[in-house]
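Protein chains in written order, with our numbering: chain A, 65 to 197; chain B, 65 to 197; chain C, 10 to 139; chain D, 10 to 139; chain E, 3 to 103; chain F, 3 to 103.
Cβ atoms here follow ideal geometry from the backbone N, Cα and C, with glycine treated the same way.
These figures come from a predicted structure and were not determined experimentally.
Structure, as structure tokens:
Structural data, given as structure tokens:
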């Protein structure tokens, strides 16, 4: 029986390692064939910004890895609208994450679901294991 | 020539080690005969609360050490009024820290100065080295 | 009930390791089973046997080692996080050509999959961190 | 000008060590003198020689060791903070009866007074932390 | 599927309590631990916590309160004090735990 | 005795920017680094930062902005971008540094 796992990302990238090491957990979780959902809220929404370039700080730019989530069958990615708005961002500022639906002739479909706090609360309530980073 | 050192404490005790290890720095600094001032602001004001009892969390209660500051000739301790008030605390909730004035027949004098943000700004501006914990 | 614990911060700097230890002791005292304690992020630093805390303070690593012995706890240190931060067992040190190792008795180093397994197998996962 | 640097957090978990390294390199390139780099709190964990970061990532300890060699930097690890967290040099390991040590080349372990001295002797003290 | 939310930071230092309150569901509970216990005392956040305690069960870890010199009799109306044994019970009584780190 | 204040955390995550602004003096400057750089972008805090930049010099570290995918041309009015070399100059041009950790 697959369990419903949710990983909640609340921290900005680079300032701390949580974003990077959370992504490592998420990718491993895919191998266990669980139902995996990701949330980006609070400063976690900054993890998905386009155009990250870490040349000037000597750290590894791990943002391209997010685009691989679809290949790992991770297609339920929730972004809290309120967090995005408070930061003056829109979905256009974030990476466009997709997955291929093999039941629909490998059509590319959006992985990202923009949800309100209230909608997010309902999704969270439905989970069985929650790990917040 | 003595330099003016100021140590600014902004973190609550026990949740993180900064309060404890900051105190270790302060005590060492006394041996160097510098002009030392301490500030407690933001959650740092919680460091000085009376009646701390760590039996239930298995950590060392280091709050008695603050009362030794006077013996180390550390007598300029500033507490930001705004921080104290936002936390619903008054000076009565905090340890009463004193020093003995040997030029005044060893009279016990208050080490703690309750200051407004504005007054604190002036004291801070006058320092030569500031370390915030 | 079967519980798993995750610890994200090193000893002393944050209360996480202490809180996790107090919680684990209380859970065991109430007859619950601890399926696994997983050390992730800086949490791997709890597993060093080289620490010498002040005599009048607790020794966090030793507390875990003793609790492990008494209850046969499964204390797992994430290998990827441990390599980044310099926590090694003897085998790993040899394999990586390092001249020393520093892991304490009672801890074992393993993969991140052990955390997912801890989440699957236990009835509850409780995380302690910064 | 004479600058001192203080680093309060360990490698990788926080950007502090990276920021301090970038700043130190830039200061040296501009001809300033680095009087001392003082590692306090979890910052002592930057001094381990046992870390094996992923191949495609920076090796923070090695970066410091190399900068130390090139510019004869004084990299000081606080002894009290280091003992709590399991960072030891050979002498200290012997004295404490520990069977291994883990400090990297280029770092030395010394007392907290070295931080105060760094504040007194340098024209500026810059602190990096969480 | 009820959730126990743990908050371990002061409301002055972090936004975790606010974030938790945005997405909490009916039947969920909150446990304040570590530096999170200050939220249960008479601070400028006490109205927020009092309101939360009217719609949800809010608990505070006694050992963490005592360590910080905070009196149990001065805590926000409606907040209940538990010890580590109570913490364990809260974990088992709810279906899952969300630690707001 | 001018001070360079560095802020390394997002204004959403910590209160360090607010605290710094409470006790800053005339002639002091602020440098936003690490996750502090988000304060220089168009967030709900941008009015606070804009006001600060009117009474004080406010700088943001470019390399940290770029790492986070934040564009220099979208930053708050009055905030100036510096690189690490500029960071070093700011340190030497002010009498002391206060890192708001």
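Alpha carbon of residue 51 of chain E to alpha carbon of residue 113 of chain D, nearest angstrom: By one-based count along the fifth chain, residue 51 of chain E stands at place 49. By one-based count along the fourth chain, residue 113 of chain D stands at place 104. Taking the straight line joining both Cα atoms gives about 48 Å.
Enumerate, from N- to C-terminal direction, the unbroken alpha helix (DSSP H) stretches of 4 or more residues contained entirely within the region 21-80 of chain E. 48-57 and 64-69
What is the rounded straight-line gap between the Cα of residue 27 of chain E and the Cα of residue 173 of chain A? Locating residue 27 of chain E in the fifth chain gives position 25, where the first residue counts as 1. Locating residue 173 of chain A in the first chain gives position 109, where the first residue counts as 1. Whole-angstrom Cα-Cα distance: 29 Å.
Can you confirm whether the region 96-113 of chain B touches the region 154-166 of chain B when touching is taken to mean that 3 or more C-beta pairs between the two stretches lie within less than 8 Å? Touching, per the Cβ criterion.
Burial state of residue 65 of chain B, where buried means 16 or more other Cβ atoms lie within 10 Å: As a first step, residue 65 of chain B must be located in the second chain, where it is residue number 1. Looking at its Cβ environment, which holds fewer than 16 other Cβ atoms inside 10 Å, residue 65 of chain B is exposed.
Inter-residue Cα distance where the pair is residue 191 of chain A and residue 47 of chain C: Here residue 191 of chain A refers to the residue found at position 127 of the first chain. Here residue 47 of chain C refers to the residue found at position 38 of the third chain. Approximately 21 Å between the Cα atoms of the pair.
Below 7 Å CB to CB, which residues in the same chain sit around residue 136 of chain A once its five sequence neighbours on both sides are set aside? Looking up residue 136 of chain A in the first chain gives position 72. Within the same chain, residue 136 of chain A has close Cβ partners 91 and 94.
Cβ neighbour criterion (16 or more within 10 Å) applied to residue 132 of chain A: What you label residue 132 of chain A is simply residue 68 of the first chain in a count that begins at 1. Residue 132 of chain A is classed as exposed because its beta carbon has fewer than 16 other beta carbons within 10 Å across all chains shown.
As a quick exercise: from D:135, D:79 and D:54, pick the residue whose alpha carbon is nearest that of residue 118 of chain D. Along the fourth chain, read from residue 1 onward, the residue named residue 118 of chain D stands at position 109. When each option's Cα is compared against that of residue 118 of chain D, the closest is D:54.
Contact between the region 67-81 of chain A and the region 8-28 of chain F is defined here as three or more beta-carbon pairs at a separation below 8 Å; is this criterion met? With a cut-off of 8 Å on Cβ pairs, the region 67-81 of chain A is in contact with the region 8-28 of chain F, counting three or more such pairs.
Any C-beta of chain A sitting closer than 7 Å to the C-beta of residue 118 of chain C? Locating residue 118 of chain C in the third chain gives position 109, counting from the first residue. False, the Cβ-Cβ gap to chain A never drops below 7 Å.
Inter-residue CB distance, residue 92 of chain E and residue 6 of chain E (contact presumed, cutoff 8 Å): Indexing the fifth chain from 1 puts residue 92 of chain E at position 90. Indexing the fifth chain from 1 puts residue 6 of chain E at position 4. 5 Å between Cβ atoms; contact.
Beta-carbon proximity check, residue 24 of chain E vs residue 181 of chain A, cutoff 7 Å: Position 22 of the fifth chain, counting from 1, holds the residue named residue 24 of chain E. Position 117 of the first chain, counting from 1, holds the residue named residue 181 of chain A. Contact flag set, yes.
Under the three-state reduction of DSSP, which class applies to residue 171 of chain A: helix, strand or coil? On the first chain, position 107 is the one that residue 171 of chain A refers to. It is a strand residue.
When F:65, F:3 and F:49 are compared against residue 33 of chain F, the one with the closest alpha-carbon: As a working mapping, residue 33 of chain F is identified with position 31 in the sixth chain. Residue 33 of chain F has its Cα closest to that of F:65, out of F:65, F:3 and F:49.
Please report how far the alpha carbon of residue 82 of chain A lies from the alpha carbon of residue 123 of chain A, in whole angstroms. The count along the first chain starts at 1 and reaches residue 82 of chain A at position 18. The count along the first chain starts at 1 and reaches residue 123 of chain A at position 59. The straight-line gap from Cα to Cα measures roughly 14 Å.
Quick one: residues in its chain with C-beta nearer than 6 Å to the C-beta of residue 106 of chain A, no 5 flanking neighbours on either side, listed in chain order? Position 42 of the first chain, counting from 1, holds the residue named residue 106 of chain A. Same-chain partners within the cutoff: 74 and 147.
Exposure label - residue 145 of chain A; buried when at least 16 CB within 10 Å: Here residue 145 of chain A refers to the residue found at position 81 when the first chain is read from its first residue. Classification for residue 145 of chain A: buried.
Could you check which residue in D:57, D:23, D:44 and D:41 has the C-alpha nearest to that of residue 95 of chain D? Start at 1 with the first residue of the fourth chain, and residue 95 of chain D comes out as number 86. Among D:57, D:23, D:44 and D:41, the Cα nearest to that of residue 95 of chain D belongs to D:57.
What separation, rounded to the nearest whole angstrom, lies between the Cα atoms of residue 67 of chain F and residue 42 of chain F? One-based indexing of the sixth chain puts residue 67 of chain F at position 65. One-based indexing of the sixth chain puts residue 42 of chain F at position 40. Cα to Cα, the separation comes out at about 9 Å.
Looking at the C-beta of residue 107 of chain D, does it have a partner C-beta in chain F at a distance below 7 Å? Taking the first residue of the fourth chain as 1, we reach residue 107 of chain D at position 98. No - not a single Cβ of chain F is within 7 Å of the one on residue 107 of chain D.
Within the chosen definition, does the region 14-33 of chain D reach the region 69-83 of chain D through at least 3 CB pairs nearer than 8 Å? yes
Distance between beta carbons of residue 52 of chain C and residue 18 of chain C, contact taken as under 8 Å: On the third chain, position 9 is the one that residue 18 of chain C refers to. On the third chain, position 43 is the one that residue 52 of chain C refers to. Confirmed, Cβ separation roughly 6 Å.
Under the assumption that residue 137 of chain D contacts residue 101 of chain F (Cβ atoms under 8 Å), give the Cβ distance between them as a whole number of angstroms. Residue 137 of chain D sits at position 128 when you count from the first residue of the fourth chain. Residue 101 of chain F sits at position 99 when you count from the first residue of the sixth chain. Rounded, the Cβ-Cβ distance is 7 Å, consistent with contact.
Just to confirm the assignment, what range does the alpha helix (DSSP H) spanning residue 80 of chain D have? To locate residue 80 of chain D, count along the fourth chain from 1; it is residue 71. Note, residue 80 of chain D: alpha helix (DSSP H), 69-80.
Can you check which of these residues, E:79, E:63 and E:56, is closest to residue 45 of chain E by C-alpha distance? Here residue 45 of chain E refers to the residue found at position 43 of the fifth chain. Ranking the options by Cα distance to residue 45 of chain E, first place goes to E:79.
Minimum C-alpha distance to residue 19 of chain E - residue among E:4, E:29, E:38 and E:30: Taking the first residue of the fifth chain as 1, we reach residue 19 of chain E at position 17. Of the candidates E:4, E:29, E:38 and E:30, the one whose C-alpha sits nearest the C-alpha of residue 19 of chain E is E:38.
Which residues in chain C have a C-beta closer than 7 Å to the C-beta of residue 50 of chain D? List them in chain order. Along the fourth chain, read from residue 1 onward, the residue named residue 50 of chain D stands at position 41. Neighbours of residue 50 of chain D on chain C, chain order: 22.
Contact with chain B by residue 103 of chain F, beta-carbon distance below 7 Å: The residue you call residue 103 of chain F lines up with position 101 of the sixth chain. Yes, its Cβ sits closer than 7 Å to a Cβ of chain B.
Leaving out the 5 sequence neighbours to the left and right, which residues in its chain are closer than 7 Å to residue 82 of chain D when beta-carbon positions are compared? One-based indexing of the fourth chain puts residue 82 of chain D at position 73. Hits under 7 Å: 43, 46 and 76.
On the three-state DSSP scale, how would you describe residue 136 of chain B? Translated into the one-based positions of the second chain, residue 136 of chain B becomes position 72. Helix, per DSSP.
By how many angstroms is the C-alpha of residue 89 of chain F removed from the C-alpha of residue 123 of chain C? Numbered from 1 along the third chain, position 114 holds the residue referred to as residue 123 of chain C. Numbered from 1 along the sixth chain, position 87 holds the residue referred to as residue 89 of chain F. The straight-line gap from Cα to Cα measures roughly 43 Å.
Please determine, among B:152, B:130, B:194 and B:140, the residue with the shortest C-alpha to C-alpha distance to residue 88 of chain B. Numbered from its first residue, the second chain carries residue 88 of chain B at position 24. The shortest Cα separation from residue 88 of chain B among B:152, B:130, B:194 and B:140 belongs to B:130.
Could you name the residues of the same chain whose beta carbon sits closer than 6 Å to that of residue 132 of chain C, not counting the 5 residues immediately before and after it, in chain order? As a working mapping, residue 132 of chain C is identified with position 123 in the third chain. Same-chain partners within the cutoff: 10 and 11.
Find out if the Cβ-Cβ distance for the pair residue 87 of chain D, residue 121 of chain D is shorter than 7 Å. For the purposes of this step, residue 87 of chain D is identified with residue 78 of the fourth chain, where counting begins at 1. For the purposes of this step, residue 121 of chain D is identified with residue 112 of the fourth chain, where counting begins at 1. Yes, the pair counts as a contact, with Cβ atoms nearer than the cut-off.
Listing by chain order, which chain B residues have their CB less than 7 Å from the CB of residue 25 of chain F? The residue given as residue 25 of chain F occupies position 23 in the sixth chain. Per Cβ cutoff of 7 Å: 181, 184, 185 and 188.
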